[in-house]
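Position one of the sequence shown corresponds to residue 5 (the working numbering), numbered consecutively onward.
Idealized CB from N, CA, C, for every residue including glycine.
Owing to the predicted nature of the structure, the values given are computational and were not obtained by experimental measurement.
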Amino acid sequence: MKSDIEIAQAAEMKPITEIAQKLDLTEDDIEAYGKYKAKVSLDVWNRLKDKPDGKLILVTAINPTPAGEGKTTTTVGLGQALWKMGKKAMIAIREPSLGPCFGIKGGAAGGGYAQVVPMEDINLHFTGDFHAITSAHSLLAAMLDNSIQQGNPLNIDPRQIVFRRVVDMNDRALRKIVIGLGGRTEGVPRESGYDITVASEVMAVLCLASDLMDLKERFGKIVVAYTYDGKPVTAHDLEAEGAMALLMKDAIKPNLVQTLENTPVFIHGGPFANIAHGCNSIMATKLGLKLVDYLVTEAGFGADLGAEKFFDLKCRFGGLKPEAVVIVATVRALKMNGGLAKDQLDTEDLGALGRGIVNLEKHIENMAKFGVPAVVAINRFPTDTEAELSLVRKRCQELGAEVALSEVFMSGGDGGVELAETVLRVLEEKESNFKVLYELDLPIEAKIEKIAKEIYGADGVIFDKAAQNSIKKYVEMGYGNLPVCMAKTQYSLSDDASRLGRPTGFTITVRELRLSAGAGFLVAITGAIMTMPGLPKRPAATRMDIDVNGTITGLF
């Protein structure tokens, strides 16, 4: 079989104007970025905002393993299958980050015959959204340090600056740095550091804002530092929010592209799900629901992270009601969760599968807590045996979840018809009684404990001294009623990446809490999670190249 990039390069794409027409959008509704991608005008929302919503379908997954799950591939394939069946459907996903693209993962726009194209553009600079986010973030950081240099009129304590810099690359050397060296004219020396752009609060604000003015207002609320007497200093205090919004005037518009089968796709925003809230923008999702009858979207990593944040953060902020959730799993990944070594996953092992399937079972149980009907998509590999598939089906049915095979990687939309039919039947037969997991008036500790106990299966939560101090401070500042965004390893239900399956008898340790007042949530940092990844010993970038004709190789 061809590689992902070879399949993508052979795609017969249609002009983006034709894709727009499928959504009843005119040329005046879009702003083309070349022939195959476009921004959608914000005026479209004003025209359609009173139109009834289509059905919102979330695609999530079990905890990821090196064996692979294929969540984005399934998302794209399901959308293609619905379109192929004559349903007016589209897909809404996140934009890939350059960090993991050049680090471990390579490209991230689906795989096989269920991809979003133009694949090279999407995985590289696309329409410049991430550059705009980095620039807006960097402007605020520069204005903060300049205010201190220029007489410090806001009485900022350099030891209490909480706003770091960002770059969209995995660069561990920038995690902790010293800036302002070189003398009195070069700035005030202090410790700082970099996060990856997808962890920026500017990214979170973009994905949660309802329009340009809401974006600007949220920017103004970002807390960047504290004064010598402990009072918060915001971007508004620095008079930065207007210029920041100016830099984001195009980035805020959803991006329209297409799949290999010319199904329309919104791809907009890209926060990570292990350190941020892991969902595409509310604007793209809400607009998509006005344009089609079925909108298929995804949330990053496993359902313990992406789906929980989709429900408790994105749906809460956006007033969204998901009608069904698809949980993607592979027999290979389940066997790995059951303790089977990676080099043995091609052999039938019902014992390992039975032990590992508890991970899937926990995610099915968790989705029921939110009141949303679940469908399990078994992303089929050629090595899966009928006995293994039968075992997964039986366990899912015992838990009340529908189950369907997905073969979209090999067959595109045709391989997703069984899944699409199952999802449509569930939408017809089962009602979504969606509810969030916790109410906002709960104490901060209680909200975190509810997530840890009910979603992760923890016995309790340990709050380090720094976290306790932060909780006390945020409550005193009036932020106690904010929801919580958990920063946790994606590889385990616990905060220990090595504990696969369905661990028991563990506690979650919260090391620190960070305030994202602009985004509107608190970030709880657990375990060894980092907000600036590093490159592996042999980065994916070493396998990438471009020839004299401009043909790219190695990008997945």
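Can you list, in chain order, the residues of its chain whose CB lies under 7 Å from that of Ala249, leaving out five sequence neighbours each side?
Hits under 7 Å: Leu216, Leu219, Lys220, Phe223.
Under three-state DSSP, which class holds Gly224?
Per DSSP, reduced to three states, the secondary structure at Gly224 is helical.
Measuring straight from C-alpha to C-alpha, what distance separates Val427 and Ala177?
Taking the straight line from one Cα to the other gives about 46 Å.
Distance between beta carbons of Lys91 and Ala297, contact taken as under 8 Å:
The amino acid at residue 297 is misidentified as Ala; the sequence shows Asp. Asp297 to Lys91, Cβ: 6 Å. Contact.
Return yes when at least one heavy atom of the ligand FAD lies under 6 Å from the C-beta of Phe525, else no.
As presented, the structure is devoid of all ligands, the ligand FAD included, so that no description of it is given.
Opposite Leu299 in the DSSP bridges: which residues?
Residue pairing for Leu299: DSSP places it in a beta bridge opposite Leu60, Met94.
Does the region 325–342 come within contact of the region 118–135, defined as at least 3 CB pairs closer than 8 Å?
In this structure the region 325–342 does not lie against the region 118–135, because fewer than three pairs of beta carbons, one per stretch, are closer than 8 Å.
Helix, strand or coil for Arg194 per DSSP?
Arg194: strand per DSSP, three-state reduction.
So, do the region 95–102 and the region 262–275 have three or more beta carbon pairs nearer to each other than 8 Å?
Cβ pair count under 8 Å is three or more, so yes.
The region 539–555 in contact with the region 500–514 per 3-pair CB rule at 8 Å
Contact annotation: the region 539–555 does not touch the region 500–514, with fewer than three C-beta pairs closer than 8 Å.
Just to confirm before moving on: does the CB-CB distance between Ala93 and Val421 stay below 7 Å?
Going by C-beta atoms, Ala93 is not nearer than 7 Å to Val421.
According to DSSP, Pro268 sits in a beta bridge with which residue or residues?
The partner list for Pro268 (beta bridge, DSSP) reads Gln262.
Proximity of Arg515 and Val527 at Cβ, strictly below 7 Å:
Pairing Arg515 with Val527 gives a Cβ-Cβ distance that is not under 7 Å.
Which of helix, strand or coil DSSP assigns to Ala208:
Per DSSP, reduced to three states, the secondary structure at Ala208 is helical.
Taking the straight line between their C-alpha atoms, what separation do you get for Lys43 and Asp54?
Cα-Cα distance, rounded: 22 Å.
Tell me the start and end of each unbroken alpha helix (DSSP H) in the region 121–167 that is at least 4 residues and wholly inside, in chain order.
As far as the region 121–167 is concerned, its whole alpha helix (DSSP H) runs of at least 4 residues are 123–127, 133–153.
Outcome for Gly482 when other beta-carbon atoms lying within 10 angstroms are tallied against a minimum of 16
Exposed, since its Cβ has fewer than 16 Cβ neighbours within 10 Å.
Kindly indicate which three-state DSSP category Ile3 falls into: helix, strand or coil?
Since the displayed the chain opens at 5 and closes at 560, residue 3 lies outside it and no answer follows.
Does the distance from the CB of Ile66 to the CB of Gly306 come in under 7 Å?
It is a contact, given that the beta carbons lie within the stated cut-off.
For a test of the three-state rule: what should DSSP assign to Glu3, helix, strand or coil?
Here the chain has residues from 5 to 560 only, and residue 3 is not among them.
Using the beta-carbon count (16 or more within 10 Å), is Arg336 buried or exposed?
Result: buried.
Reference Arg542; option with closest CA among Pro104, Lys339, Met5:
Distances from the CA of Arg542 to each of Pro104, Lys339, Met5 were compared; the closest alpha carbon is that of Pro104.
Does the region 529–542 touch the region 169–189, meaning 3 or more C-beta pairs lie closer than 8 Å?
Of all C-beta pairs linking the region 169–189 to the region 529–542, three or more are shorter than 8 Å, placing the two stretches in contact.
Where Gln494 sits in the DSSP three-state scheme
Coil.
What residue does the alpha helix (DSSP H) around Pro236 start on, and which one ends it?
No alpha helix (DSSP H) contains Pro236, which is instead part of the beta strand (DSSP E) from 236–238.
Could you check the C-alpha separation between Val333 and Gly74 for me, to the nearest Å?
Sequence inspection shows Ala at residue 333; the Val mentioned does not correspond to that position. One C-alpha to the other measures close to 8 Å.
Need the endpoints of the alpha helix (DSSP H) that Ser394 sits in, please.
Looking at the DSSP string, the run of the alpha helix (DSSP H) that includes Ser394 is 390–402.
Which residues share a DSSP beta bridge with Ile562?
Here the chain covers residues 5 to 560 and nothing more, so residue 562 does not appear.
Residue interval of the alpha helix (DSSP H) (run including Glu10)
Taken as a continuous stretch (DSSP letters only), the alpha helix (DSSP H) holding Glu10 covers 8–13.
Would you kindly check if the distance between the Cβ of Ala203 and the Cβ of Ala255 is under 7 Å?
Taking 7 Å as the cut-off, the beta carbon of Ala255 is found no closer than this to the beta carbon of Ala203.
Might you give, ordered along the chain, the residues of its own chain that have their beta carbon closer than 8 Å to the beta carbon of Ser45, omitting 5 neighbours on each side?
The beta carbon of Ser45 is closer than 8 Å to those of Asp32, Asp33, Ile34, Glu35, Lys257 in its chain, skipping five residues each way along the sequence.
Three-pair Cβ contact test at 8 Å for the region 357–370 versus the region 384–395:
Touching, yes, given that three or more Cβ pairs across the two stretches are closer than 8 Å.
Which residues in the same chain have their Cβ closer than 7 Å to the Cβ of Gly3, if we skip the five residues on either side of it in sequence?
With the chain covering only 5 through 560, there is no way to say anything about residue 3.
Could you check the C-alpha separation between Glu432 and Leu344 for me, to the nearest Å?
Their Cα atoms are separated by approximately 39 Å.
Alpha helix (DSSP H) containing Phe413: first to last residue?
For Phe413, the uninterrupted alpha helix (DSSP H) segment begins and ends at 412–415.
Who pairs with Gly114 in a beta bridge, going by DSSP?
DSSP lists Gln119 as partners of Gly114.
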